[in-house]
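Notes follow the structure.
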Amino acid sequence: MAGFFYSYSISVSTGLGKLTDSEYLRAMQQINKDVLNTLFFVCFMGSLILFPLATFQHYKSSSSAFILLVFASCCYIFGVFAVTAIVNVPLDNRLDAFQINDSTADQIREMRDIFEERWNFWNNIRTFAAIGTIVLVLISCITKSK
-12 MAGFFYSYSI SVSTGLGKLT DSEYLRAMQQ INKDVLNTLF FVCFMGSLIL FPLATFQHYK
48 SSSSAFILLV FASCCYIFGV FAVTAIVNVP LDNRLDAFQI NDSTADQIRE MRDIFEERWN
108 FWNNIRTFAA IGTIVLVLIS CITKSK
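Those letters in the sequence shown? Residues -12 to 133, by the working numbering.
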């Protein structure tokens, strides 16, 4: 997920930012529909299940790997999953309900103002949380048990 969010932050968001208001909103509406696919769901929800499961597997080892995996799991659960559920999905739903063709230029601009900056900010939070998650997992893999 880290690579997905990172590549989106450094390329897709900047490219979309150069579009007109109506082009931007239409593009985001389409992206939000297309991202709802099986592969994304498996990766996104699979991580939500597998990180805590991996953590549990290290529970009795009293190792630093366990502590690192606890932090990695929390980082993913709160920094990626919760942010997505609490912030990004409601913004996506609001955008999806917005009827571009029935709106004035001012309404379109207002919707972009409501959506773009907030969505991108929280996507960057998800990006850093996902990167932090994978870094913690990698460190746990190379850390010796005590």
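Every residue, glycine too, gets a C-beta built ideally from N, C-alpha and C.
For L12, the enclosing alpha helix (DSSP H) has its first and last residue at D8 to D21. By the CB criterion at 8 Å, Y11 and E103 fall inside the cutoff. Judged by DSSP secondary structure, D79 falls within the alpha helix (DSSP H) whose first and last residues are V76 to A84. Non-local C-beta neighbours of Y(-7) in its own chain, meaning closer than 7 Å and more than five positions away in sequence, comprise T114 and I118, ordered along the chain. Spanning the alpha carbons of A69 and I126 requires a straight line of approximately 24 Å. If you check the CB distance, T130 and L55 come in under 8 Å. Scanning C62, A84 and V122 for the CA closest to the CA of M15 turns up A84. Straight across, the Cα-Cα distance linking F(-9) with N88 is about 31 Å.
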